[in-house]
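2 protein chains.
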Amino acid sequence: MDHPDIEQKLGGRGEEEQETRERILSAARQLMAQKGYKGATTRKISELAGVNEVTVFRHFKNKVGILTELLKEIMDVREQLEQGLQGEFSDLKQMLVSYARTYYGLLVERKEIFMICMIEADNHPEVVQMFSSLPMTAVEVLSNKLLAFQEQGHLPKVDPFTAALMFVSTFFYAFMAKYRVNLDIEMVEEELFENASEILLQGIK
Amino acid sequence: MDHPDIEQKLGGRGEEEQETRERILSAARQLMAQKGYKGATTRKISELAGVNEVTVFRHFKNKVGILTELLKEIMDVREQLEQGLQGEFSDLKQMLVSYARTYYGLLVERKEIFMICMIEADNHPEVVQMFSSLPMTAVEVLSNKLLAFQEQGHLPKVDPFTAALMFVSTFFYAFMAKYRVNLDIEMVEEELFENASEILLQGIK
DNA sequence: TGAAAATGCAAGTAATTGCTTGCTTGGCAC
DNA sequence: GTGCCAAGCAAGCAATTACTTGCATTTTCA
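Structural data, given as structure tokens:
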């Protein structure tokens, strides 16, 4: 009796094995995002994964084992965000649009995990810092960039933190609206990126 | 055997009765916001309320009865938001600041209920529309106001919806950061209102 | 083909959870 | 005092849930 949970088969041997494990993870991800950790019973997970419930416990030590495995999927966020600011941009607006795209893309790409984090923030304390990692670093990273611009004299005296917060919030909100509460807010993302960047730069007055 | 759940004692007779009922509601509000609907067991609720578990079921038909009672607390939001835009303001900025104050105040005032709504959005479908009511009407109301200004020629051609979205998002995000994820983001709310209004109007360029 | 590993199946267990029942206790009004 | 009503207490019940065990079956791969 072993716990393949740990022994991470590196080789290409098992497509089947990994398939099963992946199916379980995928089912759990989906269910936990929808129903929360408690709502995603091991029974339901196994059913959705199309495997026997016992198999779930053969792959993972216990239920939290599944959750912690899932949480690993948000650990590498900061780098990706900073990469979104790496390239050379023709102007400030293009940089903002690109940053918006990157950030929003990250949110959507891992929407289930973020939902789980939101929902379970109080129940699984370790979640909190992981979760805060994306939204807050997103503000931080942009804030720093703006500050740099400011010091070069390219921007007036406005508070760069607030500016970054406003910008990032917008897409977080849009993300939540679209994927958590299914608001029939018809929006074209690319347009939102454009408009928001424009407004942040020029204001509405 | 009766269900005081329904028969809403109008008279002033019972301070005791209402006190108990209120204590139960308050405990449930707190626990559900923290642990979610499932996590808030009737046992825990009764303990936190300092009453016997049976008493809970004497006051409420069943557990969902408690939830639905709690949800009534967000039904009257739109009016309050519109009131926040009612008064006469010296300038546009003062209006925005006031709106921010109103909106953020509403969020904080009912933080538990909103948390519950976020968490339970998928499990209790009736929750969704109630929940969406605040965040989305907040955008709507402001959006309309901006549009009106625009038609009077007071604002340039920027998309008022995006502008409203940006503005509202900011405070929603700040609210989430402070009360859900306990980010050690030190912020003075009143300053945030000021700065965000300024930026929305003038831009950062 | 044959051994080993992965999965299925049947059954069960201890704990939790929502909710009920029957009875007692204590306070308030008349 | 008497009667009423809210609340406490003890006990329990049926369903669910995370998790286990033992064994049969299939799949994989050498």
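Sequences listed follow chains A and B, in order. Using full-length UniProt numbering, read the first sequence as starting at 1 and increasing by one per residue. Using full-length UniProt numbering, read the second sequence as starting at 1 and increasing by one per residue. Every residue, glycine too, gets a C-beta built ideally from N, C-alpha and C.
beta-carbon residue i near the ligand FAD non-hydrogen atom, thresh 7 Å
| i | result |
| --- | --- |
| Met32(B) | Judged by which ligands are present, the structure shown has none, so any question about the ligand FAD falls away. |
Option in the options with minimal Cα separation from residue i
| i | options | result |
| --- | --- | --- |
| Leu81(A) | Thr68(A), Arg58(A), Met187(A) and Thr137(A) | Thr137(A) |
| Phe172(A) | Leu201(A), Phe131(A) and Val56(A) | Phe131(A) |
| Leu96(B) | Glu194(B), Gln129(B) and Lys205(B) | Glu194(B) |
| Leu155(A) | Val56(B), Ile199(B) and Glu88(B) | Ile199(B) |
| Tyr103(B) | Glu120(B), Lys93(B), Val139(B) and Gln94(B) | Val139(B) |
| Lys72(B) | Ala196(B), Arg110(B), Ser143(B) and Gly153(B) | Arg110(B) |
| Thr68(B) | Glu191(B), Glu151(B), Met32(B) and Leu85(B) | Met32(B) |
| Val127(B) | Met75(B), Ile204(B) and Gly39(B) | Met75(B) |
| Phe57(A) | Arg101(A), Ile24(A) and Leu192(A) | Ile24(A) |
| Asn144(A) | Glu120(A), Leu85(A) and Leu192(A) | Leu85(A) |
| Glu120(B) | Glu22(B), Tyr37(B), Ile204(B) and Lys205(B) | Tyr37(B) |
| Lys157(B) | Gln129(A), Ile204(A), Lys157(A) and Val158(A) | Ile204(A) |
| Glu22(B) | Arg101(B), Ala100(B), Ile66(B) and Gln129(B) | Ile66(B) |
Whole-angstrom distance between residue j and residue i, CA atom to CA atom
| i | j | result |
| --- | --- | --- |
| Ile116(A) | Leu107(B) | 22 Å |
| Ala163(B) | Met166(A) | 10 Å |
| Phe60(B) | Arg43(B) | 14 Å |
| Asn52(B) | Ser26(A) | 41 Å |
| Gln202(B) | Glu112(B) | 35 Å |
| Gly105(B) | Met118(B) | 18 Å |
| Gln83(A) | Tyr179(A) | 25 Å |
| Gln34(B) | Asp122(A) | 6 Å |
| Val181(B) | Phe114(A) | 12 Å |
| Pro160(B) | Leu146(B) | 6 Å |
| Met176(B) | Thr170(B) | 10 Å |
| Asp5(A) | Pro125(B) | Model confidence at Asp5(A) stands at a pLDDT of 34, short of 50, so the residue's coordinates are unreliable; what they give is reported in the following sentence. If you take the alpha carbons of Asp5(A) and Pro125(B), they lie about 35 Å apart. |
| Arg78(A) | Val168(A) | 14 Å |
| Asp2(A) | Glu47(A) | Residue placement at Asp2(A) is flagged as unreliable, the pLDDT there being 35, under the threshold of 50; the coordinate-derived value follows with that caveat. If you take the alpha carbons of Asp2(A) and Glu47(A), they lie about 23 Å apart. |
| Gly153(B) | Ser98(B) | 22 Å |
| Leu142(B) | Lys93(B) | 13 Å |
| Ala196(A) | Ala148(A) | 21 Å |
| Gly50(B) | Glu186(B) | 35 Å |
| Thr20(B) | Gln150(A) | 57 Å |
| Ala174(B) | Arg29(B) | 22 Å |
| Ser90(B) | Glu189(B) | 21 Å |
| Gly87(B) | Ile45(A) | 53 Å |
| Leu134(B) | Leu192(B) | 20 Å |
| Thr55(A) | Asn62(A) | 11 Å |
| Gly39(B) | Gln129(B) | 23 Å |
| Ala100(A) | Leu70(A) | 25 Å |
| Val64(A) | Thr41(B) | 20 Å |
N-terminal and C-terminal residue of the alpha helix (DSSP H) that residue i is part of
| i | result |
| --- | --- |
| Val64(A) | Lys63 to Leu71 |
| Glu198(A) | Glu189 to Gln202 |
| His59(A) | Glu53 to His59 |
| Glu47(B) | Thr42 to Ala49 |
| Val168(B) | Pro160 to Tyr179 |
Closer than 7 Å at the beta carbon, the chain A residues around residue i
| i | result |
| --- | --- |
| Thr170(B) | Leu165, Met166 and Ser169 |
| Asp159(B) | Asn195 |
| Phe131(B) | Val181 |
Beta-carbon neighbours of residue i, restricted to chain B and to distances below 8 Å
| i | result |
| --- | --- |
| Lys38(A) | Gly36, Lys38 and Gly39 |
| Tyr104(A) | None at all; the shortest Cβ gap to chain B is about 12 Å. |
| Tyr173(A) | Pro135, Leu165, Val168, Ser169, Phe172 and Tyr173 |
Contact set between residue i and chain A, taken where Cβ atoms lie within less than 9 Å
| i | result |
| --- | --- |
| Leu200(B) | Met166, Ile199, Leu200, Gly203, Ile204 and Lys205 |
| Met118(B) | Met118, Ile119, Met176, Arg180 and Val181 |
Contact set between residue i and chain B, taken where Cβ atoms lie within less than 7 Å
| i | result |
| --- | --- |
| Asp122(A) | Gln34 and Lys35 |
| Ala196(A) | Thr162 and Met166 |
| Ser90(A) | Neighbours of Ser90(A) on chain B: none; closest Cβ ~15 Å, over 7 Å. |
| Leu192(A) | Thr162 |
Partner residues on chain A for residue i, Cβ-Cβ distance less than 8 Å
| i | result |
| --- | --- |
| Leu155(B) | Ile204 and Lys205 |
Run through the stretch 71-150 of chain A for me and flag every whole alpha helix (DSSP H) of 4 or more residues, listed as ranges in chain order. 77-83, 92-109 and 111-120
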